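Chains A and B, in that order, give the protein sequences.
Using UniProt numbering, the first residue of the first sequence is number 1, and each one after it goes up by one.
Using UniProt numbering, the first residue of the second sequence is number 1, and each one after it goes up by one.
Report on one structure; see the data block that follows.
2 protein chains.
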Amino acid sequence: MPEILLGEYLFLRLKHLGIETVFGVPGDFELALLDLIEPLGLSWVGAPNELVGAYAVDGYARLNGVGALVTTFGPGELSALCGLGGSYSEFVPVLHIVGYPTTPAQKSGKILHHRLGDGKFDHYQRISSELCCATTVLDDPTTVAAEIDRVLTAMMFHSKPGYIGISEDIAYAKMSREYLDAEITRFLPSSARESEALALAEIISQLESAKAPILIVDGGAARVSWADHADPLIQALKIPFLVTGLGKGIADETSPYYQGCYVGKGSGIFTEKLDHCTIIDLQRFSVKIGETKHDARINHVLPKLTSAFSSHPPLAQLPIEPFLEVNRSLTLPASNKIEHDWLWPRLSSYLRPGDLVITEIGTAQVGVTATRLPSGCNGWTQSVYGSRGYAAGAAAGAAIAAEEAGKSKRLVLVTGEGSLQLTVQAFSMLTRYGIVPVVFVLNNCGYTIERYFRGWNAKYNDVPMWDYTALFKASAPDVEPKVRGCKVTTAAELDELLSDEMFWDATVPQCVGMIMDPKDAPEAMRTAFGVKNACRLWLNIHYYAVIFYDSGQTKGLNFQEA
Amino acid sequence: MPEILLGEYLFLRLKHLGIETVFGVPGDFELALLDLIEPLGLSWVGAPNELVGAYAVDGYARLNGVGALVTTFGPGELSALCGLGGSYSEFVPVLHIVGYPTTPAQKSGKILHHRLGDGKFDHYQRISSELCCATTVLDDPTTVAAEIDRVLTAMMFHSKPGYIGISEDIAYAKMSREYLDAEITRFLPSSARESEALALAEIISQLESAKAPILIVDGGAARVSWADHADPLIQALKIPFLVTGLGKGIADETSPYYQGCYVGKGSGIFTEKLDHCTIIDLQRFSVKIGETKHDARINHVLPKLTSAFSSHPPLAQLPIEPFLEVNRSLTLPASNKIEHDWLWPRLSSYLRPGDLVITEIGTAQVGVTATRLPSGCNGWTQSVYGSRGYAAGAAAGAAIAAEEAGKSKRLVLVTGEGSLQLTVQAFSMLTRYGIVPVVFVLNNCGYTIERYFRGWNAKYNDVPMWDYTALFKASAPDVEPKVRGCKVTTAAELDELLSDEMFWDATVPQCVGMIMDPKDAPEAMRTAFGVKNACRLWLNIHYYAVIFYDSGQTKGLNFQEA
Numbered sequence: 001m002p003e004i005l006l007g008e009y010l011f012l013r014l015k016h017l018g019i020e021t022v023f024g025v026p027g028d029f030e031l032a033l034l035d036l037i038e039p040l041g042l043s044w045v046g047a048p049n050e051l052v053g054a055y056a057v058d059g060y061a062r063l064n065g066v067g068a069l070v071t072t073f074g075p076g077e078l079s080a081l082c083g084l085g086g087s088y089s090e091f092v093p094v095l096h097i098v099g100y101p102t103t104p105a106q107k108s109g110k111i112l113h114h115r116l117g118d119g120k121f122d123h124y125q126r127i128s129s130e131l132c133c134a135t136t137v138l139d140d141p142t143t144v145a146a147e148i149d150r151v152l153t154a155m156m157f158h159s160k161p162g163y164i165g166i167s168e169d170i171a172y173a174k175m176s177r178e179y180l181d182a183e184i185t186r187f188l189p190s191s192a193r194e195s196e197a198l199a200l201a202e203i204i205s206q207l208e209s210a211k212a213p214i215l216i217v218d219g220g221a222a223r224v225s226w227a228d229h230a231d232p233l234i235q236a237l238k239i240p241f242l243v244t245g246l247g248k249g250i251a252d253e254t255s256p257y258y259q260g261c262y263v264g265k266g267s268g269i270f271t272e273k274l275d276h277c278t279i280i281d282l283q284r285f286s287v288k289i290g291e292t293k294h295d296a297r298i299n300h301v302l303p304k305l306t307s308a309f310s311s312h313p314p315l316a317q318l319p320i321e322p323f324l325e326v327n328r329s330l331t332l333p334a335s336n337k338i339e340h341d342w343l344w345p346r347l348s349s350y351l352r353p354g355d356l357v358i359t360e361i362g363t364a365q366v367g368v369t370a371t372r373l374p375s376g377c378n379g380w381t382q383s384v385y386g387s388r389g390y391a392a393g394a395a396a397g398a399a400i401a402a403e404e405a406g407k408s409k410r411l412v413l414v415t416g417e418g419s420l421q422l423t424v425q426a427f428s429m430l431t432r433y434g435i436v437p438v439v440f441v442l443n444n445c446g447y448t449i450e451r452y453f454r455g456w457n458a459k460y461n462d463v464p465m466w467d468y469t470a471l472f473k474a475s476a477p478d479v480e481p482k483v484r485g486c487k488v489t490t491a492a493e494l495d496e497l498l499s500d501e502m503f504w505d506a507t508v509p510q511c512v513g514m515i516m517d518p519k520d521a522p523e524a525m526r527t528a529f530g531v532k533n534a535c536r537l538w539l540n541i542h543y544y545a546v547i548f549y550d551s552g553q554t555k556g557l558n559f560q561e562a
Numbered sequence: 001m002p003e004i005l006l007g008e009y010l011f012l013r014l015k016h017l018g019i020e021t022v023f024g025v026p027g028d029f030e031l032a033l034l035d036l037i038e039p040l041g042l043s044w045v046g047a048p049n050e051l052v053g054a055y056a057v058d059g060y061a062r063l064n065g066v067g068a069l070v071t072t073f074g075p076g077e078l079s080a081l082c083g084l085g086g087s088y089s090e091f092v093p094v095l096h097i098v099g100y101p102t103t104p105a106q107k108s109g110k111i112l113h114h115r116l117g118d119g120k121f122d123h124y125q126r127i128s129s130e131l132c133c134a135t136t137v138l139d140d141p142t143t144v145a146a147e148i149d150r151v152l153t154a155m156m157f158h159s160k161p162g163y164i165g166i167s168e169d170i171a172y173a174k175m176s177r178e179y180l181d182a183e184i185t186r187f188l189p190s191s192a193r194e195s196e197a198l199a200l201a202e203i204i205s206q207l208e209s210a211k212a213p214i215l216i217v218d219g220g221a222a223r224v225s226w227a228d229h230a231d232p233l234i235q236a237l238k239i240p241f242l243v244t245g246l247g248k249g250i251a252d253e254t255s256p257y258y259q260g261c262y263v264g265k266g267s268g269i270f271t272e273k274l275d276h277c278t279i280i281d282l283q284r285f286s287v288k289i290g291e292t293k294h295d296a297r298i299n300h301v302l303p304k305l306t307s308a309f310s311s312h313p314p315l316a317q318l319p320i321e322p323f324l325e326v327n328r329s330l331t332l333p334a335s336n337k338i339e340h341d342w343l344w345p346r347l348s349s350y351l352r353p354g355d356l357v358i359t360e361i362g363t364a365q366v367g368v369t370a371t372r373l374p375s376g377c378n379g380w381t382q383s384v385y386g387s388r389g390y391a392a393g394a395a396a397g398a399a400i401a402a403e404e405a406g407k408s409k410r411l412v413l414v415t416g417e418g419s420l421q422l423t424v425q426a427f428s429m430l431t432r433y434g435i436v437p438v439v440f441v442l443n444n445c446g447y448t449i450e451r452y453f454r455g456w457n458a459k460y461n462d463v464p465m466w467d468y469t470a471l472f473k474a475s476a477p478d479v480e481p482k483v484r485g486c487k488v489t490t491a492a493e494l495d496e497l498l499s500d501e502m503f504w505d506a507t508v509p510q511c512v513g514m515i516m517d518p519k520d521a522p523e524a525m526r527t528a529f530g531v532k533n534a535c536r537l538w539l540n541i542h543y544y545a546v547i548f549y550d551s552g553q554t555k556g557l558n559f560q561e562a
């Protein structure tokens, strides 16, 4: 009977799910495990630290559908948790593989490093069980295959992180190859066909009688293998659509049906509640039509919906007005400062079709809602979890996934200096693996979005001055051709740079440090917080996947750009 | 009745415990809380990210006796956990204050950012309860004082981290000032006086009949307010002593009784088990004499032990031989490379009395056991938990504590480039607050200690090339006088630099990038792993506080330097 190692089984299962690259930081407990990766045809991508690795694998998984991260028992795994929390919160399936001490060492209760000193080995698994849909620490070779498949299946089903602890002795124990023959699926299976058919019929009926249906594409749509269906559905329905902050980067914003980015009333907590209308809310595990919840799943309903409307006569609807860049003057600001009101619309014409645009939380996240993405762009921002520093790591992982998928897109990372200080080591991850990023660093001397919350002049909202372009270069001194960095302080300089073909078409990694006013902010943020900085919370985020909305009119909605 | 805010109560209690500086990273949920800090006479030190902040507060607490860190609910607190795990493992009392959403928001179950999306707010507290001796999330103004005192008391009693979640509305609720009158103690109280007296008598009796008593100073000794008693005890006993890796930096290594650094047999896991002898093991909560455990506590027994022996006739003992720098040639290596065998003894004469020496895990941690510290030096390495990247953050916090204590010591940080890549943002924390560090970066192109475990030439043990001196300068472009950095590639260059008075007496922060061979390692590490790299684990760490050891002879012990 042909045999394989248990560790090989784990990685072969990841291959079955579509993973080609494993991310992580090596540590002594899992070095032997790492030796198995490349011989199986997988790539290893080392991260400078676990948090950046966790953000990177999240970025990889958002594009690839699933990802895997390896860290070490104790300090290593704890350092990755914030990334896993974000993956949990935003429905990203990431497998966290943790190198454990050998099972004899665990059973003997020996003093080992990375331990908490109380003779117990289950603290860390319990911690991760709060942030994962399934966890296991493999200790019995006879059940390893079933345990691994259990965690992987739960991870793909729920689109949430999973956790597998594995020691060197378990990884090198042998098992039959036959276990590999069992099917494992990366796609969410259908729920009951009858209830899905019922939901579909009801949606069609509702849409046909709607006075003014609109469609809102939210972030959840990217996480259920649905992103590719967004544009076909819009083309089939021929109704106006909006994207949310989290849903930006999924649908084609050059579509004639595009109406802008929907950010609710721009104030209050999660105010995107849509009153006085019929909402058709398509979710991973349910479809809600008005108050009725159906046992149906978005990834099975949507393709059928597209088919049903592909040759359908026009729905009753509002006249479609072309998307207008309202109040978006592209003339340079009188101050010649890099002002937000000018910057974000200006970036629209810098971006090009197919760009991969990853945006950091904070002012950048709000600002980018005023940038119109060209066709075929992909991108996101971590809107719900809001973990500062996420974007730089995620960008590296996303670019690696894009490269693997044969969609070698230009990576554009837009981040702020306060956020970048959390994960600046990601700079070298952006350049180490052949990625050619363009990095824009909004340097406004502090946490500007926090200033809008509180502490307008507070010292705690300042961050120390760094030279970001020098840091970018110093993190890649041996990368050839040499990486480039420049600092721009005026709008005119930036405008010239953005129009420069050498910059536009660069084949070397580039970093642009932009000096901006600490008190300036994107229009949506200024509006949200009000003139007196009275508003406490502003967030353009929620958990919906896709919403059909029949309001009868759109003017009552506070559209960001429509 | 005079009133204060609950948030003020919290910070005033921290002042009672001796905290003068609060570390952290601001986030919207706790900005209002941060506004209370400086008006109370405390300082705020912002960290570039939560992990560096957690390492910094650990460093601060090791010198100051206790510390406090503020982070934000969710991503912020999760990012700090690895630092808290180290504090737990190595008995460092750190209070983790977490800014929570308002209690009405929590009770309403509203969608909020930083949440996991399931309507529950208790995930993060449960996570931290695995790494803290006490946790609370304050939600009832009437019990806040008692809850805060409960957590702080447990934290000081166990010398482990505590966790307090506090929202803005709770922080700004009012309470009577009278609660401040209750006593709160930072010191471990005595156990039963009778059993302590009994233990003391038995120790004295054992020592008086010992043939060749020796004393081993381990890391626990630093964590029970005992560090100051180490040298007086040694002077009173007049017996040879050794330090462990974790205990290094506590006792005066220029003492005639100093015999070197004890690292067990240099192989196997925690081999410092001492057989065939009577061990007197003084711990935080117990004193063990041979097999008998006494209900006594090191911090109460030790001062009395010093008194008892201060005018005692000499104990029977081995002839004290002067500490020899065996095999420690200070002549430059023939290769002119910066070899470990030369480097560490060479650093002995560079260091000066009173230096604060913080050493990173890995080769630096092992190598420094061969550096003899001048009198009055203080320092440590995170031996037990072994969290890569710890030292850079801890150094910043330790230097701040030293400055506060009026012991403005020169800070010497010795780190490796693989570790520094995890926490390089600490560079700016080292220079932002007026610290004048000297940073040595051992640049050997990867995780050398991991290579000794496994993967001698494995790609996963490589790290990307960075220019550390350029990074150091780029992280402090506006610090005056300008920070300096230099790269040295030969032993002769380094030798010259270490002898240069301009370098030695510098009043500006300096960083020395040292190019070293990826396969070279300190002697203790080469020995431990054996010529064929067969040995799996090597660690010079354990949990003992202080051991008196009567062997009859010392030659059988594998002393690192004796």
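Virtual Cβ for every residue (Gly too), placed ideally from N, Cα, C.
Computed from a prediction, not measured in an experiment: that's the story for all the values here.
I need the boundaries of the beta strand (DSSP E) containing residue i, first residue and last residue.
{"i": "A/THR415", "result": "411 to 416"}
{"i": "A/ASP58", "result": "Where A/ASP58 is concerned, there is no enclosing beta strand (DSSP E), although the alpha helix (DSSP H) it sits in stretches over 50 to 64."}
{"i": "B/PRO437", "result": "437 to 443"}
{"i": "B/LYS293", "result": "292 to 294"}
Contact check, residue i vs residue j under 8 Å by CB: the rounded distance?
{"i": "A/LEU233", "j": "A/THR306", "result": "5 Å"}
{"i": "B/PRO161", "j": "B/PRO75", "result": "At roughly 19 Å, the Cβ-Cβ gap does not stay under 8 Å, so B/PRO161 and B/PRO75 are not in contact."}
{"i": "B/ALA476", "j": "B/SER428", "result": "6 Å"}
{"i": "A/ARG352", "j": "A/GLU253", "result": "About 13 Å separates the two Cβ atoms, so there is no contact after all."}
{"i": "A/ILE166", "j": "A/GLY7", "result": "7 Å"}
With DSSP as the reference, label residue i as helix, strand or coil.
{"i": "A/GLY24", "result": "strand"}
{"i": "B/ILE148", "result": "helix"}
{"i": "A/LEU95", "result": "strand"}
{"i": "A/ALA134", "result": "strand"}
{"i": "A/CYS82", "result": "helix"}
{"i": "A/THR271", "result": "The predicted position of A/THR271 is uncertain, since its pLDDT is 38 and thus under 50; a value taken from the coordinates is nonetheless stated next. It is coil, neither helix nor strand."}
{"i": "A/TYR179", "result": "helix"}
{"i": "B/VAL508", "result": "coil"}
{"i": "B/PHE285", "result": "coil"}
{"i": "B/MET1", "result": "coil"}
{"i": "A/VAL384", "result": "coil"}
Starting from residue i, follow the alpha helix (DSSP H) in both directions and report where the run begins and ends.
{"i": "B/PHE309", "result": "298 to 309"}
{"i": "A/GLU450", "result": "448 to 453"}
{"i": "B/HIS312", "result": "Where B/HIS312 is concerned, there is no enclosing alpha helix (DSSP H), given that its DSSP letter is neither H nor E."}
{"i": "B/ILE166", "result": "Careful: B/ILE166 lies outside any alpha helix (DSSP H), inside the beta strand (DSSP E) at 162 to 167."}
For a cutoff of 8 Å on Cβ pairs, would you count residue i as touching chain C?
{"i": "A/TRP380", "result": "The structure shown has no chain C; the protein chains it does contain are A and B."}
Sufficient close CB pairs (3 or more, under 8 Å) joining the region 393 to 407 of chain A to the region 333 to 351 of chain A: no
Whole runs of the beta strand (DSSP E) within the region 193 to 233 of chain A, excluding any shorter than 3 residues: 213 to 217
The region 494 to 502 of chain A contacting the region 470 to 485 of chain A, beta-carbon criterion three pairs below 8 Å: no
Ranges of the alpha helix (DSSP H) found wholly within the region 457 to 505 of chain B, counting only runs of at least 4: Note on the region 457 to 505 of chain B: whole alpha helix (DSSP H) runs with a minimum of 4 residues are 468 to 474, 491 to 499, 501 to 504, in chain order.
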